[in-house]
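All remarks here apply to the structure that follows.
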Amino acid sequence: MEEHQQKVFNTAISMVQDHGAAEDIAQDVFVTVFKSVLSFNEKSSISTWIYRITVNKCLDHLRAKNRQKRQGFFNMLFHSDSGEMAYDQPNFEHPGIQLERKEKAKYLFEAIETLPENQKTVFVLSYMEELPQKDIAEIMNISVKAVESLLQRAKNNLRKKLGPIYEKEKR
Amino acid sequence: MITMENSANKNRWIEEVLNSTKGMSRAQPPADIMEKINLKIRNHSVGNTIAFPVKQWIAAAILLVLVNAGSVIYFAAENSKAKHENISNPFATEIQSASTYNY
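Those sequence lines, one after another, are chains F and E.
Reading the first sequence from the start, the letters are residues 247 to 417 in our numbering.
Reading the second sequence from the start, the letters are residues 280 to 382 in our numbering.
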């Protein structure tokens with residue numbers, strides 16, 4: 247149980263990049279697991295099933311957040327009271343990253359935020375959870391080839407995003 | 280030469296950033312997460328067992344009120360109809376009784 251909790255929480259925090267939201271998602275995941283454990287299809291492993299629920303909850307959260315952003319763009323841009331620019335989670339720090347890599351990981355998470363849903367999911371499951379491509383394919387209900395291609399596209403996109411950050415940092 | 284070196288540095292830096300999560304440990308959920316999950320599950324199951332009878336009771340109460348209201352309206356209408364008939368034809372009983380004289 248504890249191992250599943252860690253898997254769920256780590257995946258959620260890597261996907262949504264928000265400690266509070268990750269905790270809420272983790273709680274929701276286990277309530278959903280409890281509610282639907284009887285309808286669990288034993289074709290996949292329990293771990294795959296829990297990962298699938300977690301990814302879906304994270305994507306729901308991110309979609310809701312994006313909807314909110316679109317709806318209240320001007321309200322979000324400026325705080326109504328102070329008139330200051332509002333930034334959306336700048337510098338997210340993953341608590342599991344080694345100290346000497348924290349700075350670079352911040353840039354990585356910043357770039358991950360801009361990836362499309364599928365690429366983000368594949369990258370997080372592959373790089374943060376270190377799952378084999380076969381398991382990722384099962385979780386996302388796609389072929390291993392599709393996972394490979396999504397991962398390649400994700401890495402290419404991240405390289406494109408990181409290039410300008412490097413130039414800016416060098417200046 | 281400098282441009283090539285710059286490009287190599289840039290690529291190296293990008294690869295380091297991409298691999299910065301290697302060897303990371305999993306983020307630990309808060310210590311009390313299990314308590315919170317248990318509480319949510321308990322609330323969910325209590326909600327399920329209580330909410331259903333409450334819904335049934337509400338439905339039964341509404342049905343009872345509707346049946347009562349219907350019968351009150353029905354009897355009121357019948358009453359007023361009877362009164363109306365009595366007023367509009369006060370000799371009805373007399374006519375009825377008169378007709379028996381024929382036998």
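Where is the CB? At the ideal position from N, CA and C, for every residue including glycine.
Small disclaimer: the values here were computed from a predicted structure and weren't measured.
{"Item": "At the level of alpha carbons, what is the spacing between L297(E) and V333(E)?", "Value": "55 angstroms"}
{"Item": "State the CB to CB distance for the pair Y373(F) and T300(E), rounded to an integer number of angstroms; the pair is presumed to be in contact (CB under 8 angstroms).", "Value": "5 angstroms"}
{"Item": "Let me see if you follow: with CB-CB separation under 8 angstroms, is H307(F) close to chain E or not?", "Value": "no"}
{"Item": "Are the segment 345 to 358 of chain F and the segment 396 to 408 of chain F touching by the rule of at least three beta carbon pairs closer than 8 angstroms?", "Value": "yes"}
{"Item": "Would the beta-carbon of A272(F) fall within 8 angstroms of that of I312(E)?", "Value": "yes"}
{"Item": "In chain E, which residues lie with their C-beta within 8 angstroms of the C-beta of R405(F)?", "Value": "I293, L297"}
{"Item": "Identify whether R316(F) lies in helix, strand or coil by the three-state DSSP scheme.", "Value": "helix"}
{"Item": "Looking at chain F, is there any beta carbon in it that lies within less than 8 angstroms of the beta carbon of R305(E)?", "Value": "yes"}
{"Item": "Could you tell me how far apart the beta carbons of V370(F) and T257(F) are, in whole angstroms, since I believe they sit closer than 8 angstroms?", "Value": "6 angstroms"}
{"Item": "Decide if the segment 383 to 397 of chain F is in contact with the segment 296 to 305 of chain F; the criterion is three or more beta carbon pairs, one per stretch, under 8 angstroms apart.", "Value": "yes"}
{"Item": "If we require 4 or more residues per run, which alpha helix (DSSP H) segments fall completely within the segment 304 to 328 of chain E?", "Value": "none"}
{"Item": "Given M261(F), which residues of its chain have a CB within under 6 angstroms of its CB, disregarding the five upstream and five downstream residues?", "Value": "C304, V370"}
{"Item": "Hey, would you say V275(F) sits closer than 8 angstroms to V254(F), going by beta carbons?", "Value": "yes"}
{"Item": "Since F276(F) is in the alpha helix (DSSP H), which residue starts that stretch and which ends it?", "Value": "265 to 282"}
{"Item": "What residues of chain E sit near L408(F), judged by a beta carbon separation below 7 angstroms?", "Value": "I293, V296"}
{"Item": "Given a threshold of 16 other Cβ atoms within 10 Å of its Cβ, counted over all protein chains shown, does A267(F) qualify as buried or as exposed?", "Value": "buried"}
{"Item": "Rounded C-beta distance between G409(F) and K289(E)? I'm assuming under 8 angstroms.", "Value": "7 angstroms"}
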